[in-house]
Amino acid sequence: MNVLADVISSTILFAVPLLLVAMGGMFSERSGIINIALEGIMIIGALMGCLMLRWLDPSVLSGAMGSQSAMFIATMFAGVCGIAFSVLLAFASINLKADQTIGGTALNMLAPAFAIVLTWVVQGQGQTTILIPTWTRITQDSFGITAADNFFQNLLFKNFYLTTIIAIILFAIAVVLLYKTKFGLRLRACGEHPQAADSVGINVYKMRYCGVLISGFLGGIGGLAFTLAAGSGFQSTVAGYGFLALAVMIFGNWKPWSILGASLFFALFKVVGAYASSIPFMPQFKSLEGVSTYLYPMLPYIVTMILLVLTSKKSRAPKAEGIPYDKGSR
Numbered sequence: 083m084n085v086l087a088d089v090i091s092s093t094i095l096f097a098v099p100l101l102l103v104a105m106g107g108m109f110s111e112r113s114g115i116i117n118i119a120l121e122g123i124m125i126i127g128a129l130m131g132c133l134m135l136r137w138l139d140p141s142v143l144s145g146a147m148g149s150q151s152a153m154f155i156a157t158m159f160a161g162v163c164g165i166a167f168s169v170l171l172a173f174a175s176i177n178l179k180a181d182q183t184i185g186g187t188a189l190n191m192l193a194p195a196f197a198i199v200l201t202w203v204v205q206g207q208g209q210t211t212i213l214i215p216t217w218t219r220i221t222q223d224s225f226g227i228t229a230a231d232n233f234f235q236n237l238l239f240k241n242f243y244l245t246t247i248i249a250i251i252l253f254a255i256a257v258v259l260l261y262k263t264k265f266g267l268r269l270r271a272c273g274e275h276p277q278a279a280d281s282v283g284i285n286v287y288k289m290r291y292c293g294v295l296i297s298g299f300l301g302g303i304g305g306l307a308f309t310l311a312a313g314s315g316f317q318s319t320v321a322g323y324g325f326l327a328l329a330v331m332i333f334g335n336w337k338p339w340s341i342l343g344a345s346l347f348f349a350l351f352k353v354v355g356a357y358a359s360s361i362p363f364m365p366q367f368k369s370l371e372g373v374s375t376y377l378y379p380m381l382p383y384i385v386t387m388i389l390l391v392l393t394s395k396k397s398r399a400p401k402a403e404g405i406p407y408d409k410g411s412r
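Numbering-wise, the sequence shown is residues 83 to 412 according to the numbering used here.
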């Protein structure tokens, strides 16, 4: 039962960054801007969030509220830094009408290099890992509950971070914002038919900027959430999770609820790969000595490719996605 609790809690933990980053990509592409730079935005958000946690560590107030207040500040700071980095993509794509794929790829190359340089500046040359303080996790002590080794406590508290709560709130806001507000309707119109949107007085450039900046905010928080999920420190990479989030967004057909399901689905395969040796009914492939340890970690990426091949014909991207808007054209 403890293995089951670990698998479920870890699935939720790894689904959170996928959900946040894929929703970020959804907002950007719904406005008409392809955001290949999600990987780079995640790296910048994780870098700045971890540096903020490192800086706040000595000043954390006693008790759970103090530590989680510091965690909230670091999470919001990661989102703001993600916005700042995404401005580069927005300016190049909207104002300069540059190729969006090339612009995003350039930012993905810039982010890890910048992260390494800044980490060395802060910690000293060769010190590439920014350690995450232990107080970031929410434990039983945070609620005054006596620690016990049972299913429900393992499920709730083994991998419980503030980013999970923030992700749930942001998901609810995203659903309402996209489908229940004028802003969401205008954003979707700019991604489908920007000329028609412009003809009724909608500022297409402004809406596309909003889409990309929202994408940067969610991607920055997603980067910090991934670093918390992955281990004890940030090492100038997010292990391709930004590209996996793009696959989740496409598999989820640019819709929030479908993206949520896809995030849980892909995260489950990642966790199964990590816990395969602890799950009794999973084959161990002992005959493939030296190879078996790599088979299950490959699962989420193999499943990604297979599902994208099977569902690509049914996916419907926004019609104006990737097409620079020219106000003078009709």
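C-beta atoms are modelled at their ideal positions from N, C-alpha and C, and glycine is treated no differently.
With DSSP run on the structure shown, which of helix, strand or coil describes residue i?
| i | result |
| --- | --- |
| G315 | strand |
| I116 | coil |
| Y243 | strand |
| I126 | helix |
| I212 | strand |
| R398 | coil |
Quick one: residues in its chain with C-beta nearer than 6 Å to the C-beta of residue i, no 5 flanking neighbours on either side, listed in chain order?
| i | result |
| --- | --- |
| S113 | L269, C272, G273, M289, R290, G293 |
| G334 | S340, I341, A344 |
Does the Cβ of residue i lie closer than 8 Å to at least one heavy atom of the ligand MG?
| i | result |
| --- | --- |
| I296 | With respect to the ligand MG, the structure offers nothing, as it holds no ligand at all. |
Would residue i pass as a contact of residue j if the rule is Cβ separation under 9 Å?
| i | j | result |
| --- | --- | --- |
| G131 | I303 | yes |
| L171 | L200 | no |
| V103 | I123 | yes |
| G305 | I125 | yes |
| E121 | A193 | yes |
| V320 | S92 | no |
| A327 | L95 | no |
| G315 | G161 | no |
| G107 | C163 | no |
| Q182 | A195 | no |
Buried or exposed: which applies to residue i, given that a residue is buried once 16 or more other Cβ atoms fall within 10 Å of its Cβ?
| i | result |
| --- | --- |
| T245 | buried |
| F265 | exposed |
| L295 | buried |
| L392 | exposed |
| N177 | exposed |
| S110 | buried |
| S394 | exposed |
| I413 | Nothing can be reported for residue 413, as the shown portion of the chain is limited to 83 through 412. |
| Q150 | buried |
| I220 | buried |
| T263 | exposed |
| Y378 | buried |
Going along the chain, which residues of its own chain have a beta-carbon closer than 8 Å to the beta-carbon of residue i, five neighbours each way excluded?
| i | result |
| --- | --- |
| F159 | M130, G131, M134 |
| L252 | L102, M105, L300, I303 |
| F325 | L120, E121 |
Taking 9 Å as the CB-CB limit, is residue i close to chain C?
| i | result |
| --- | --- |
| L192 | Judged by its chain identifiers, the structure shown contains no chain C, having just a single protein chain. |
For residue i, tell me which candidate among the options has the shortest Cα-Cα distance.
| i | options | result |
| --- | --- | --- |
| K396 | W336, G107, A402 | W336 |
| S405 | A180, I94, V169, I248 | One detail in the question is off: residue 405 reads as Ile in this sequence, not Ser. Nearest C-alpha to I405: A180. |
| Y287 | K409, G127, I227, G186 | K409 |
| D88 | I384, L350, D223, L392 | L350 |
| D280 | L86, Y407, I118 | Y407 |
| G185 | F196, F239, V169 | V169 |
| P338 | A254, P379, T157 | A254 |
| T210 | I198, T221, T218, I220 | I198 |
| A311 | T221, F242, V385 | F242 |
Using a Cβ-Cβ cut-off of 7 Å (strictly less than) and excluding sequence neighbours within five positions of residue i, which residues of its own chain qualify?
| i | result |
| --- | --- |
| I90 | L237 |
| I332 | L390, S397 |
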